[in-house]
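**Q** If you read the protein sequences in the order shown, they are chains C, E and P. Heads up: the first sequence begins at 393 in the working numbering, then just goes up one per residue. Heads up: the second sequence begins at 2 in the working numbering, then just goes up one per residue. Heads up: the third sequence begins at 570 in the working numbering, then just goes up one per residue. Quick one: structure below, then a few questions.
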Amino acid sequence: MEKQMTCIACPRGCRLVVIPGTEEAVSGARPESDGGSINRGGPVITGNRCPKGIDYALQEITNPVRILTSTVATTSPGGIRMPVKTSVEIPKELMKEAMAVIHRTVLSRPGIPGDVVIEGFLGLKTDLVATGEWDGQ
Amino acid sequence: MESRSARGEKILAVYLKKLGSRGITGVEASLEDGVLFLTGDVPTLEDRLTAGFEGAKIKKKYRLRGVVNDVTVNQRSSVPMSLPSINDTLLEGRRFDAVIIGGGIIGTAAARELSRWNISIAVLEKEEDLGLHASSRNDGMVHPGFAASPGTLKASYNVRGNRLYTRASEELGFTLRRPGSILLFSHPAMILLLPVFKRRCRKNGVSGGRWVSRRTLARWEPELTDKQRGGFLLPTAGIISPQEVVLAYGENAASNGVEFFFHTAVTGMEKQGDIITRIVTNRGTLSAGVVLNAAGVWADQVADYAGDRFFSIHPRKGVDAIVDKKQKDSLNHIVGMPSLRGNRRSHSKGGGLVLCVEGNLLLGPTAEEVLDREDYTTHQKDLAILKKHMELDRRLRESDIITYYAGTRSATWEEDFIVQPSDRVANLVYAAGIQSPGVASAPAIAEDLAAFAVKILEKSGAVGPRPDFNPHRTPRPVLAELSEEERRRWIEKDPAYGRIVCRCEEVSEGEIRDTLRGGLPATTVDGVKRRTRAGAGRCHGGFCLPRVMEIMARETGKDLGDIPRGGDGSWILMKRKETVNGK
Amino acid sequence: MESNYDVTVIGGGPAGMAAAVAAADGGARVALVEREEKLGGILKQCIHDGFGLFRFNERLTGPEYAWRYQQMLMGRRIDVFTSTFLTKIQRGTEEGFQMRFVAPGGPFGLTSPAVITATGCRERTGRQVFLHGDRPAGIFTAGQAQGFVNLQGYLPGRRCVILGSGDIGLIMARRLTLEGAEVEGVYEVKQEPSGLTRNLVQCLEDFDIPLHLSTTVKEVHGRRRVEAVTVCQVDEAGRPVTGTDRRIPCDSLILSVGLIPENEILDSLGISLDERTRGPGVDQNQMTRLPGLFTCGNAQHVNDLVDYVSESGAAAGRGAARFALGKRGAEERGTEETIPVRPSGEILYQVPAALVRHGEDPVFFFRASRSLEKARLELRSPGGEVLYQKRYTFLRPPEMERFEFSMTKLPENCGELIFHLEEV
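Laid out in structure tokens, this is it:
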């Protein structure tokens, strides 16, 4: 049962077609079209214009992840908000929980892009980092 | 005269026969105290209109006191007047010498004229600011007085008002331009109309009307369509910004002691004999020495509260479109198609291209009879009609249209103004049925309303002039129009005048903040826009809305989520928490 | 304060900052003027990622991208003027352009032989797409709503309908959903979506937000606040199909119906705008037909990627520095041989509009006029000689293409360059 998806690794948005493979993985298979497949018996991925597409497709069918971006409130009397992001992709199914944590967060110290706002976000190996600057006022 | 009299019976018979010959059934007519009352139900709006207009003809022919059309269309009449949501006792027990119902251009100008006298004056306005209905939904043209039929109040007030605008603009500090208007001849034979046009000018007292040749017109207006064949120039035609004029009158009235009450709607009256003793509103019950009815589309409802029905309003909707400012150099004169028929049921009054005082070009208006009195929805068909006006100027494209809006004209069935003290109520004065040329007529109507009101008040005691009356209003400066030296002085006083918030119209933070202070402050985002043009430019507030709201929040101490766009219920933002609790 | 700078850049977003950096690196003394209090332009509110993949080879958010450029401004001969608004610009005689500004410190003027306009764009409003019905509160453009959510922390409503499948609309569909609002659907008048494919996936598919093509919002209902909208289907010409009206209860309408380059200041200089790009035509040095007047970024034409915006800004900066410092000799100004680039075939538009012999090798950007499965792009001389060729497997109008061209390929007497795209 083939699955169609659009690669989002870069703006080109290659249209991928993924044919899930059997459990057995046999090495040495050669690509049939530009881009390529992994090994005979494994999933066959076509339509990608670069290797990133293969990584993306495999990820999507096993463990889809996303970078989450949002803003957190600060203690600024002017209501300034700090834009934030997860430092690496997090599982797509955790996005709702992640937003709940973000909604509860209030930043009280100044920061610049890269500063860690929450370490070990959601207990994962990712931080919530600032992407903007705030002088604390 | 009553229905029961022989003459009355005859009149009703003539009327109903006329309706019958037009295929209209379902209308009942009666006469009471000289007023023709029409009731019943008809299947179409067109039938209701015919019933009303035929009634007006009867009224004129038999010199009746008035005509009131209560005929419904498929059991429907207008949507009732929406009431403000607030209910309190702000006005409970208060008494004013003069109470003016309606804060449009008529009520506000009348307030200012009345404030020359040493009396207490209140203006009751049901919206959150002045002039939000017909007064701000028009093209701002100060008509020369040519279009109105000779002998009507429209004609006489128009011509008088047109003249008074010069002094009004000087005293009140609003912009008045007199570009003159040109009625275009689209066919060479139209030059034969010249004697007709000249006679109309003579009859109405319009000065300066003259023919211009095709060649002269092409020289004056090079961008005008090739199809023009000369035209008739009316040099006294002027343009104002109606919102600016209403606020100018209002601010001067406020500075001379007039009190303005917003979100205040009149819901009833009490009389003793032929005198109004109490005025019931959603903010309490008050009393007045004299009541002025300037209630626009609801003027007949107010008359009903006073037990004095002798006219009724049928709303006629109009749509205007505004074309981008950068086309402003395209026209020097107001340009339109001639119409001698006044507004009587003409589908487009004439309309044309009007150069707004702010520099934008205005197309319109359309004219469409409707049932609902405050229906300001626009529709695709309205623009289709307006696009025809674009053909007058070569350079205009549909994509230059920035915005379009609708308004409703308060028309009586006689299609003329009613400006008079009441015949039946001793302390009531009317300014009803003020449709076009209402804006042009306003200064003159206001003078007469004040005179009528003072005369009524004098019956109970002497009325003297207000000792500190100041006719002058200093308008808020538009910094973008000042010289750099003047601008520097303002910025030195306060750097907020050097921070540009609305970049399409170049309005500074200081100017916006100033509208939130003073005699008639803005209390909504749209109120700020009306006073400064912030948000009225090409991006329509796309960039400046958040900044304007922040300035308002800071100045009033309110939360950003509580800053309204306009009237009751026009909230803009919500906090995320509130999506759970509801707004 | 009258001051002279070699190059003045109007606009401190990603185009203007890149222009300022490049001009300074080209040896010019640079003034960078920004009307807001902070630099960064629209990037300040674009808190999502996907910026900088080409420019920095990283996936950054808008604020991070802006921060990188802000860091680059430091240590260079660039004077930054914030909260400063251009009120007037005039072509002087010898010295170049005379500009007047207003700022909290008072009005002042600058004069520069070279000026770069990096003024970005604004959003098309509901009136400009002839939205009818009532005029209640609750109608926002997508960028406006984005600012409220990301900068002020407020929602435009609880249940939103989005008109327009452009990138901003798609981004906001996701953002609003993450913040707890309900997005009933995204409606697109054309038969194909307008945004980047990546955004269609990440913003709509990820959240099960339906996309309705060939459907538009024809009317808004609600006197004070939006209560509902009526949508209807349209045919290929965009005309409503009778009998397809559907009323959708909602409390906000978000409009993502196009961007318009902000070029009003060019009116006073008499510079005409290309009808298709809505920006002035430029050569590969980003110079307009008015010598010394350069433009870049979204003011020149609406871009999809901020990376390309900065690239055009850098080219403008280099060109402006060369111009101002006289590296382009006086005899070249005005007598420069200009080779117009003429679009042909399935080209919606391409930039630059013309090439000049002296200067950089051009970087061409173009959009196809419709989706093409297999296409061939050719640059030809008037004689028909093919000077450059490239094949594409898939082109969509919303996704602008880029390629580099070498001026050495241009023959001696080349009256114009034909920029031709066709399906094969």
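In this text, a Cβ means the ideal position worked out from N, Cα and C, and glycines have one as well.
Please list, in chain order, the residues of the segment 716-734 of chain P that have any C-beta partner in chain E closer than 8 Å.
**A** G716, F717, L720, Q721, G722, Y723, L724, P725, G726, R727
**Q** Does the distance from the C-beta atom of G886 (chain P) to that of A683 (chain P) stay below 7 Å?
**A** Here residue 886 (chain P) corresponds to residue number 317 of the third sequence, with the count starting at 1. Here residue 683 (chain P) corresponds to residue number 114 of the third sequence, with the count starting at 1. Cβ distance not < 7 Å, so G886 (chain P) and A683 (chain P) don't count as in contact.
**Q** Can you give me the start and stop residues for the beta strand (DSSP E) that K787 (chain P) sits inside?
**A** Here residue 787 (chain P) refers to the residue found at position 218 of the third sequence. Annotation: the continuous beta strand (DSSP E) that includes K787 (chain P) extends over 784-790.
**Q** Of all the options P:A868, P:R936, P:G702, P:P980, which has the alpha carbon lying nearest to the alpha carbon of I834 (chain P)?
**A** The residue labelled residue 834 (chain P) in the question sits at position 265 within the third sequence. Measuring from the Cα of I834 (chain P), the nearest candidate turns out to be P:A868.
**Q** Kindly confirm or deny that the segment 721-739 of chain P and the segment 818-828 of chain P touch, where touching means at least three C-beta pairs closer than 8 Å.
**A** yes
**Q** Skipping 5 residues on each side, what residues in its chain have a beta carbon closer than 6 Å to that of P909 (chain P)?
**A** Indexing the third sequence from 1 puts residue 909 (chain P) at position 340. Cβ neighbours of P909 (chain P) beyond the five flanking positions: A923, E985.
**Q** Could you check whether the Cβ of V578 (chain P) sits closer than 7 Å to any Cβ belonging to chain E?
**A** Mapped onto the third sequence, residue 578 (chain P) falls at position 9. Not an interface residue.
**Q** Hey, out of E:D98, E:V80, E:G9, whose CA is closest to D66 (chain E)'s CA?
**A** Here the question's residue 66 (chain E) lines up with position 65 in the second sequence. For the sequence presented, residue 66 (chain E) should be read as Arg rather than Asp. Cα-wise, what sits closest to R66 (chain E) is E:G9.
**Q** Pull out every residue of the segment 739-755 of chain P whose Cβ sits closer than 7 Å to any Cβ of chain C, in chain order.
**A** L747
**Q** Name the two residues that bound the continuous beta strand (DSSP E) containing D42 (chain E).
**A** Position 41 of the second sequence, counting from 1, holds the residue named residue 42 (chain E). Bounds of the beta strand (DSSP E) holding D42 (chain E) are 36-43.
**Q** For I492 (chain E), decide whether its Cβ has a neighbour in chain P, counting only Cβ atoms nearer than 7 Å.
**A** As a position in the second sequence, residue 492 (chain E) is number 491, starting the count at 1. Taking Cβ atoms only, chain P reaches closer than 7 Å to I492 (chain E), which makes this a yes.
**Q** What does the alpha-carbon distance come out to for the pair H541 (chain E) and T694 (chain P)?
**A** Taking the first residue of the second sequence as 1, we reach residue 541 (chain E) at position 540. Taking the first residue of the third sequence as 1, we reach residue 694 (chain P) at position 125. Rounded to whole angstroms, H541 (chain E) to T694 (chain P) spans 7 Å at the Cα level.
**Q** At a Cβ threshold of 7 Å, is D618 (chain P) touching chain C?
**A** Mapped onto the third sequence, residue 618 (chain P) falls at position 49. Yes, contact with chain C.
**Q** Just to confirm the assignment, what range does the beta strand (DSSP E) spanning Y877 (chain P) have?
**A** As a first step, residue 877 (chain P) must be located in the third sequence, where it is residue number 308. Counting along the chain, Y877 (chain P) falls outside any beta strand (DSSP E), though it belongs to the alpha helix (DSSP H) covering 875-893.
**Q** Could you check where the alpha helix (DSSP H) with V15 (chain E) kicks off and where it finishes?
**A** As a first step, residue 15 (chain E) must be located in the second sequence, where it is residue number 14. It spans 7-22 - the alpha helix (DSSP H) in which V15 (chain E) sits, taken as one unbroken run.
**Q** My parser needs the alpha helix (DSSP H) runs of 4 or more residues fully inside the segment 153-220 of chain E; what are they?
**A** 154-173, 195-205
**Q** If I measure Cβ to Cβ from G587 (chain E) and keep anything under 8 Å in the same chain, skipping five residues before and after, which residues do I get?
**A** Because chain E spans 2 through 584 in this model, residue 587 (chain E) falls outside it and cannot be assessed.
**Q** Tell me which residues of the segment 630-661 of chain P have at least one Cβ-Cβ distance to chain E shorter than 8 Å, keeping chain order.
**A** Residues are counted here when their Cβ sits less than 8 Å from a Cβ of chain E; for the segment 630-661 of chain P these are S652, F654, T656, given in chain order.
**Q** When DSSP builds the beta bridges, which residues end up paired with W118 (chain E)?
**A** By one-based count along the second sequence, residue 118 (chain E) stands at place 117. E:P466.
**Q** Let me see if you follow: with CB-CB separation under 7 Å, is T688 (chain P) close to chain C or not?
**A** Within the third sequence, the letter at position 119 stands for residue 688 (chain P). Taking Cβ atoms only, chain C never reaches closer than 7 Å to T688 (chain P), which makes this a no.
**Q** What's the call for F233 (chain E), buried or exposed, on a 16-neighbour Cβ count within 10 Å?
**A** What you label residue 233 (chain E) is simply residue 232 of the second sequence in a count that begins at 1. Result: buried.
**Q** Which same chain residues end up closer than 7 Å to D618 (chain P) when comparing Cβ atoms and leaving out the 5 residues on each side of it in sequence?
**A** As a working mapping, residue 618 (chain P) is identified with position 49 in the third sequence. Same-chain partners within the cutoff: R628, L629, T630.
**Q** Do you know offhand how far S425 (chain C)'s Cα is from T438 (chain C)'s?
**A** Counting from one through the first sequence, the residue named residue 425 (chain C) turns up at place 33. Counting from one through the first sequence, the residue named residue 438 (chain C) turns up at place 46. Note that S425 (chain C) has pLDDT 44, beneath the 50 cutoff, so the model's placement of it is unreliable and the number below is only indicative. So the two alpha carbons sit approximately 7 Å from each other.
**Q** Excluding the 5 residues flanking A57 (chain E) on each side, which residues of the same chain have their C-beta closer than 6 Å to its C-beta?
**A** Along the second sequence, one-based indexing puts residue 57 (chain E) at 56. Excluding positions up to five away in sequence, the list reads V68, W414, E415.
**Q** What did DSSP end up calling M487 (chain C) once you bin it into helix, strand or coil?
**A** Translated into positions along the first sequence, residue 487 (chain C) becomes position 95. DSSP places M487 (chain C) in helix when its eight states are reduced to three.
**Q** Cβ closer than 7 Å: which chain P residues qualify as neighbours of I386 (chain E)?
**A** Taking the second sequence and counting its residues from 1, one reaches residue 386 (chain E) at position 385. Chain P residues near I386 (chain E): none, gap ~13 Å exceeds 7 Å.
**Q** Measuring alpha carbon to alpha carbon, tell me which residue in E:L133, E:V160, E:E126 is nearest M142 (chain E).
**A** Numbered from its first residue, the second sequence carries residue 142 (chain E) at position 141. The residue with the shortest Cα to Cα distance from M142 (chain E) is E:V160.
**Q** Quick one: list the residues of chain C neighbouring Q771 (chain P), beta-carbon separation under 8 Å, in chain order.
**A** Residue 771 (chain P) sits at position 202 when you count from the first residue of the third sequence. Within 8 Å Cβ-Cβ: I400, R458.
**Q** Check whether chain P comes within 7 Å of M474 (chain C), counting only Cβ atoms and requiring the distance to be less than that.
**A** Here residue 474 (chain C) refers to the residue found at position 82 when the first sequence is read from its first residue. No, no contact with chain P.
**Q** Could you tell me which residues DSSP puts in a beta bridge with A99 (chain E)?
**A** Along the second sequence, one-based indexing puts residue 99 (chain E) at 98. Per DSSP, the beta-bridge partners of A99 (chain E) are E:I122, E:V291.
**Q** List, in chain order, every chain C residue whose beta-carbon is nearer than 7 Å to that of D843 (chain P).
**A** Indexing the third sequence from 1 puts residue 843 (chain P) at position 274. Within chain C, no C-beta atom comes less than 7 Å from the C-beta of D843 (chain P); the nearest is roughly 25 Å away.
**Q** Could you check whether the segment 876-891 of chain P touches the segment 593-605 of chain P, counting it as contact only if at least three pairs of C-beta atoms, one from each stretch, sit closer than 8 Å?
**A** yes
**Q** Hey, F670 (chain P) and T653 (chain P): beta-carbon distance below 7 Å or not?
**A** One-based indexing of the third sequence puts residue 670 (chain P) at position 101. One-based indexing of the third sequence puts residue 653 (chain P) at position 84. Yes, these two residues count as a Cβ contact at 7 Å.
**Q** If the criterion is Cβ atoms closer than 7 Å, does the pair V932 (chain P) and H870 (chain P) meet it?
**A** Within the third sequence, residue 932 (chain P) is the residue found at index 363, counting from 1. Within the third sequence, residue 870 (chain P) is the residue found at index 301, counting from 1. Going by beta carbons, V932 (chain P) and H870 (chain P) fall outside the 7 Å limit.
**Q** Considering Cα atoms alone, identify which of P:R743, P:T766, P:H927 is closest to E981 (chain P).
**A** The residue given as residue 981 (chain P) occupies position 412 in the third sequence. The option with the nearest alpha carbon to E981 (chain P) is P:H927.
**Q** If you reduce the DSSP assignment to three classes, tell me which class N719 (chain P) lands in.
**A** Counting from one through the third sequence, the residue named residue 719 (chain P) turns up at place 150. N719 (chain P): helix per DSSP, three-state reduction.
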